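Note sheet for the following structure.
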Amino acid sequence: MKKLLSVIVSVYNEEAALKTFYQETIPVLKTISWDYQLVFVNDGSRDKSLEILKGLAETDEHVKIISFSRNFGHEAAMIAGIDYSHGDGIICMDADLQHPPEYIPEIIKNFEAGIEVINMVRTKNESAGWFKNLASTAFYKVINMLSDVKFESNASDFFAISGRVAEVLRKDYREKVRFLRGYVQNVGFKKSTIEYEAHARVAGESKYSIRKLFQFSVNTIVCFSNLPLKLGVFAGMFAAALGMLVLIYTLFTRNGAPSGYATIVILNCFMFAILFLLVGIIGEYIAILFAELKDRPIYIVEETKNL
Ligand code: UDP
Ligand code: MG
Numbered sequence: 183m184k185k186l187l188s189v190i191v192s193v194y195n196e197e198a199a200l201k202t203f204y205q206e207t208i209p210v211l212k213t214i215s216w217d218y219q220l221v222f223v224n225d226g227s228r229d230k231s232l233e234i235l236k237g238l239a240e241t242d243e244h245v246k247i248i249s250f251s252r253n254f255g256h257e258a259a260m261i262a263g264i265d266y267s268h269g270d271g272i273i274c275m276d277a278d279l280q281h282p283p284e285y286i287p288e289i290i291k292n293f294e295a296g297i298e299v300i301n302m303v304r305t306k307n308e309s310a311g312w313f314k315n316l317a318s319t320a321f322y323k324v325i326n327m328l329s330d331v332k333f334e335s336n337a338s339d340f341f342a343i344s345g346r347v348a349e350v351l352r353k354d355y356r357e358k359v360r361f362l363r364g365y366v367q368n369v370g371f372k373k374s375t376i377e378y379e380a381h382a383r384v385a386g387e388s389k390y391s392i393r394k395l396f397q398f399s400v401n402t403i404v405c406f407s408n409l410p411l412k413l414g415v416f417a418g419m420f421a422a423a424l425g426m427l428v429l430i431y432t433l434f435t436r437n438g439a440p441s442g443y444a445t446i447v448i449l450n451c452f453m454f455a456i457l458f459l460l461v462g463i464i465g466e467y468i469a470i471l472f473a474e475l476k477d478r479p480i481y482i483v484e485e486t487k488n489l
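Just so you know, the sequence shown maps onto residues 183 to 489 in this note's numbering.
Structure follows, in structure tokens:
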């Protein structure tokens, strides 16, 4: 029996890109020796994306649609795609052709060689701009410093996993706040990386604002490291040492009473800054605990097609 490849595509307001994506991807999928399905996950688009997808699904049985009741985010879309597809191999990619479908045959070759996790690493990102590129590099530096598990920098949401790995993700990685890319890199199994060049978006614009990316970075650090929580201990030790110095200084210069005003103000500001920062960090962890505790769904499906 032929093996099945599921290609999962997250779609959020991509009306301008979808047709081109379909036209460029299908010919590639037709060349491989596996059966294939194209699973589009409509993440609450407010434009004509869903209509366009329905049109494609009408004429092509290979096109499957999962449509969310509202926008749940890119990761939720990928998770839903993984939950609903049953391929022997699964590829996640974006709808804007920044993840070139030309690499699919190479991914299949890797699968056939028994590799179960294939990380697509981008060598350059033409459309991200210097700030996003710099921020991305800094983010990976920090997360690799803080976390025990190591992350491939420049990894993207373009990756391929075997059915077995997908099963692990379906069963055991159901956190509400998460970093899917991080899980994929850390489940183990036989791994490989393929380098690719990210092109500019075919149409439309990026859906990730700087603010979203920042929140995303904070969440990832909190998900993968407990070190920030322990900063309080270091801050405490530091404050104690500083206090000791000031104590000695004060004891020896006690004669004129009102001097030392600057010291008091500076120390006060400084100590409060540290204190609030630590409270904030604890807050981030509590927020995540709270989300876990509420146990709300990662996504809600409104309708599906061809599934
Ligand atoms: N996307 C999504 N939900 C969102 C934001 C984005 O499903 O809330 C999809 C989007 O349609 C695209 C992919 O995720 O297929 C990557 O988004 P985008 O291209 O905007 O990000 P960038 O490539 O700029 O990092
Ligand atoms: Mg993109």
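Quick reminder that beta carbons are idealized off the backbone N, C-alpha and C, glycines included. Fair warning: this is a prediction, and the values are worked out from it, not measured in the lab.
For residue j and residue i, the rounded distance between their alpha carbons
i                 : j                 : result
isoleucine 376    : asparagine 301    : 6 Å
serine 231        : alanine 239       : 12 Å
glycine 255       : aspartate 225     : 7 Å
methionine 275    : lysine 291        : 18 Å
glutamate 349     : isoleucine 446    : 59 Å
alanine 417       : valine 428        : 16 Å
leucine 328       : serine 407        : 6 Å
leucine 351       : threonine 432     : 59 Å
phenylalanine 222 : isoleucine 264    : 11 Å
lysine 389        : asparagine 195    : 9 Å
lysine 373        : glutamate 288     : 14 Å
glutamate 466     : phenylalanine 454 : 18 Å
glycine 414       : leucine 460       : 6 Å
tyrosine 378      : methionine 260    : 20 Å
phenylalanine 434 : alanine 423       : 17 Å
glycine 311       : alanine 382       : 11 Å
cysteine 451      : isoleucine 468    : 26 Å
phenylalanine 313 : phenylalanine 458 : 28 Å
isoleucine 464    : glutamine 219     : 44 Å
isoleucine 325    : leucine 316       : 14 Å
glycine 364       : phenylalanine 333 : 7 Å
glutamate 298     : isoleucine 456    : 45 Å
tyrosine 322      : threonine 241     : 43 Å
proline 410       : serine 338        : 25 Å
isoleucine 286    : asparagine 401    : 31 Å
alanine 198       : threonine 207     : 16 Å
asparagine 488    : glycine 462       : 46 Å
phenylalanine 341 : arginine 393      : 25 Å
Proximity test, residue i beta-carbon vs ligand 3 heavy atom, cut-off 7 Å
i          : result
valine 193 : Here the bound small molecules are ligand 1 and ligand 2; ligand 3 is not part of this structure.
Where residue i falls: helix, strand or coil (DSSP)
i              : result
methionine 275 : strand
isoleucine 456 : helix
asparagine 253 : coil
arginine 363   : helix
alanine 337    : strand
aspartate 354  : helix
glutamate 466  : helix
valine 245     : strand
valine 428     : helix
tyrosine 443   : helix
leucine 471    : helix
isoleucine 482 : coil
methionine 183 : coil
aspartate 265  : helix
isoleucine 448 : helix
isoleucine 290 : helix
arginine 383   : coil
isoleucine 214 : coil
isoleucine 297 : coil
glutamine 280  : coil
threonine 305  : strand
valine 369     : coil
alanine 199    : coil
threonine 207  : helix
asparagine 224 : strand
lysine 236     : helix
tyrosine 378   : strand
lysine 332     : coil
serine 318     : helix
serine 391     : coil
lysine 487     : strand
serine 192     : strand
serine 407     : coil
Residue-level contact to chain B via CB, residue i, 8 Å cutoff
i            : result
arginine 304 : No chain B is part of this structure, which consists of one protein chain only.
Expected contact under 8 Å - CB spacing of residue i and residue j to nearest Å
i              : j              : result
arginine 304   : asparagine 336 : 5 Å
lysine 246     : aspartate 217  : 13 Å between Cβ atoms; not a contact.
valine 404     : asparagine 368 : With a Cβ gap of about 16 Å, valine 404 and asparagine 368 do not count as contacting.
valine 359     : alanine 277    : The Cβ separation is near 24 Å, so there is no contact.
serine 251     : glutamate 484  : 4 Å
isoleucine 214 : leucine 187    : 7 Å
Worksheet entry | Meets three-Cβ-pair contact criterion under 8 Å: the stretch 337 to 345 and the stretch 268 to 281 | In short, these stretches touch, since the Cβ pair count reaches three.
Worksheet entry | Below 7 Å from a heavy atom of ligand 2 - residues by beta-carbon | In chain order, the qualifying residues are Asp276, Asp278, Gln280, Arg383, Ser388.
Fill in: Validate contact between the stretch 473 to 480 and the stretch 234 to 248 using beta carbons, cut 8 Å, 3 pairs
Using a Cβ-Cβ distance cut-off of 8 Å, the stretch 473 to 480 and the stretch 234 to 248 are not in contact, since fewer than three pairs of beta carbons, one from each stretch, lie closer than that value.
Worksheet item: If you pair each beta-carbon of the stretch 353 to 366 with each one of the stretch 276 to 285, do three or more pairs fall below 8 Å?
Response: Between the stretch 353 to 366 and the stretch 276 to 285 there are fewer than three inter-stretch CB-CB distances shorter than 8 Å, so the stretches are not counted as touching.
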